[in-house]
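Residue numbers (our numbering): 3 to 218. Just so it is clear, CB atoms sit at the ideal spot from N, CA and C, and this is done for glycine as well. Quick caveat, the model's predicted, so the values are computed rather than measured.
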């Protein structure tokens with residue numbers, strides 16, 4: 003397995019953002035939406051360019067399959083709460099770990115708030131479903147962390163079934179083809195236009211930075 007660059011890596015934070023100003027748009031009606039993360043409605047939003055690419059990717063899937071959208075935009079305050087909460091869990095389990103090690107380990111599962119792709123509307127958590135909306139087996143529940151899944155949440159994990167591995171390959175082939183990049187510790191997390199994407203493909207800058215969304 004090639005080197006996995008974590009979100010906490012200084013190389014990610016060093017990527018500049020040249021905000022393009024693209025709007026956050028509601029994906030409901032355009033994609034099959036799962037409600038497991040339903041909150042304020044903010045999670046149903048993505049940058050227009052990300053949604054456009056997901057629709058292109060869905061058209062590339064084998065007949066009878068659809069993308070199942072679970073979560074997109076995440077407000078910065080919620081991202082911080084998730085990151086700090088997981089860090090607290092790790093700190094309790096490993097009281098001997100340094101602050102840097104906690105931060106690095108936490109970033110396998112939740113991005114540091116200041117660079118989080120979800121808070122830029124650039125990242126999507128998604129999976130595959132059949133035409134009846136039934137979710138396919140991709141090896142772990144979505145959002146399973148490395149501890150509870152024994153690392154099977156890693157996209158390239160070998161402790162999953164052949165069927166799950168094949169389904170991950172189908173998902174990855176379609177999303178790769180339209181320019182999204184995967185976070186290798188989470189098979190369900192894909193992004194476009196954020197700092198991690200820019201670092202992965204060698205772009206000079208990110209297109210999307212953290213954004214506030216007012217739904218009032």
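Beta-bridge partners of residue i, as assigned by DSSP
i, result
"residue 28", "47"
"residue 129", "70"
"residue 8", "Looking at the DSSP assignment, residue 8 forms no beta bridge with any residue, so it has no partner."
"residue 137", "131"
Buried/exposed call for residue i, threshold 16 Cβ in 10 Å
i, result
"residue 96", "exposed"
"residue 163", "exposed"
"residue 117", "buried"
"residue 212", "buried"
"residue 196", "buried"
"residue 184", "buried"
"residue 157", "buried"
"residue 150", "exposed"
"residue 217", "exposed"
"residue 133", "exposed"
"residue 31", "exposed"
"residue 188", "buried"
"residue 110", "buried"
Unbroken beta strand (DSSP E) run spanning residue i, endpoints
i, result
"residue 189", "Looking at the DSSP string, residue 189 is not in any beta strand (DSSP E), and its letter there is neither H nor E."
Would the region 154 to 169 count as touching the region 50 to 65 if we require 3 or more Cβ pairs under 8 Å? no
Can at least three beta-carbon pairs, one atom from the region 55 to 70 and one from the region 80 to 89, be found at a separation below 8 Å? no
contact_flag[the region 59 to 74, the region 127 to 138] where n(CB pairs < 8 Å) is 3 or more: yes
In chain order, which beta strand (DSSP E) runs of at least 3 residues are fully inside the region 139 to 206? 191 to 193
Return the chain-ordered ranges of every alpha helix (DSSP H) run that is complete within the region 50 to 110 and spans a minimum of 4 residues. Fully enclosed alpha helix (DSSP H) runs of 4 or longer: 50 to 62, 78 to 95 and 101 to 108.
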